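There are 2 protein chains.
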Amino acid sequence: MDRMSAYAALAEPHRRRILDLLRDGERPAGDLVERLDLSQPGVSKHLRVLREAGLVNVRTDGRRRLYSLRPDPLVEVDQWIAPYRVYWSNRLDALERHLEEHP
Amino acid sequence: MDRMSAYAALAEPHRRRILDLLRDGERPAGDLVERLDLSQPGVSKHLRVLREAGLVNVRTDGRRRLYSLRPDPLVEVDQWIAPYRVYWSNRLDALERHLEEHP
DNA sequence: GGTCCATATTGCCACACGGTTATGCGTTGC
DNA sequence: GCAACGCATAACCGTGTGGCAATATGGACC
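Top to bottom, those sequences are chains A and B.
Number 103 marks the last residue of the first sequence (this note's numbering); no jumps.
Number 1103 marks the last residue of the second sequence (this note's numbering); no jumps.
So this is what it looks like as structure tokens:
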């Protein structure tokens, strides 16, 4: 298994859910297992993918492992989408102009 | 094959490249084949995925098929990322404050 | 040291993905 | 009609993914 891109990491719904949960702050892995309706090893595997994609940080605290968000790769994705934002806002502008001229 | 989510569709680099090319406007499939270093059926398969994910439109023009961008699913992705934008801009603010207070 | 707790890793499996070559199918132009 | 074009689909294949149960690892507590 070689490292997965941020885009590929985001393709999996459970992984997006994990990131959403981490927006509230650092959480131990077990916390995530409780809310994900997925086996513990399943969650652990997804966490590994997110780690390798650079989307999360881990910190060991006693026997727990605390995960937190590391948004850098998301910034990259956001930058990829940015030009499309321009694209669709232009189309909305065009629509508005159309509606103004043909009410 | 059941329908692929926009996120999953974006996981494939060739497909992102196709969308990038379509930002310049409508293009026939063959045009995309030329620039993708991929067999014609390969491109065709990716176009099918993009169609089923709602990311592109097709229009038949004689024996060509013209593809164009349909950004709606990207808007959804953008909306998913939006809260993270807040997240990392807060972190940047915090960094700035830190630097101001400890120059 | 031994036991329990929290998490990671392994082994296994069904299945989907991405690629290729070969083929089908509608359209155009002679 | 028929040959060539443009593209889609079919058939096939190696590889990766995502799920689970079982096991290993490592810290905490007695």
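We put the CB at the ideal spot given by N, CA and C, even for glycine.
Fair warning: this is a prediction, and the values are worked out from it, not measured in the lab.
query	result
Buried versus exposed, by CB contacts within 10 Å (16 or more), L1069/B	buried
N- and C-terminal bounds of the beta strand (DSSP E) containing D61/A	56–61
Segment contact, 8 Å Cβ cut-off, at least three pairs: the segment 72–79 of chain A with the segment 1078–1087 of chain B	yes
Beta strand (DSSP E) runs contained entirely in the segment 1060–1098 of chain B, provided each spans 3 or more residues	1064–1069
Whether L1055/B touches P1028/B by CB criterion (8 Å)	no
Of the residues D1020/B, H1102/B, D1024/B, R1063/B, the one placed nearest L1123/B, counting alpha carbons only	For chain B, the structure presents residues 1001 to 1103; residue 1123/B sits outside this window and is missing.
Where R23/A falls, given that 16 or more other Cβ within 10 Å makes a residue buried	exposed
Amino acids of chain A, ordered along the chain, whose beta-carbon sits closer than 8 Å to that of V1049/B	Within 8 Å Cβ-Cβ: nothing; V1049/B doesn't reach chain A, min ~12 Å.
Range of the contiguous alpha helix (DSSP H) that encloses A9/A	6–10
Test: R97/A CB closer than 8 Å to a CB of chain B	no
Within-8 Å CB hit, L1084/B to chain A	According to the sequence as given, residue 1084/B is Tyr; it is not Leu. Chain A, which has a Cβ nearer than 8 Å to the Cβ of Y1084/B, makes this yes.
Check whether R1017/B and L1036/B have beta carbons under 8 Å apart	yes
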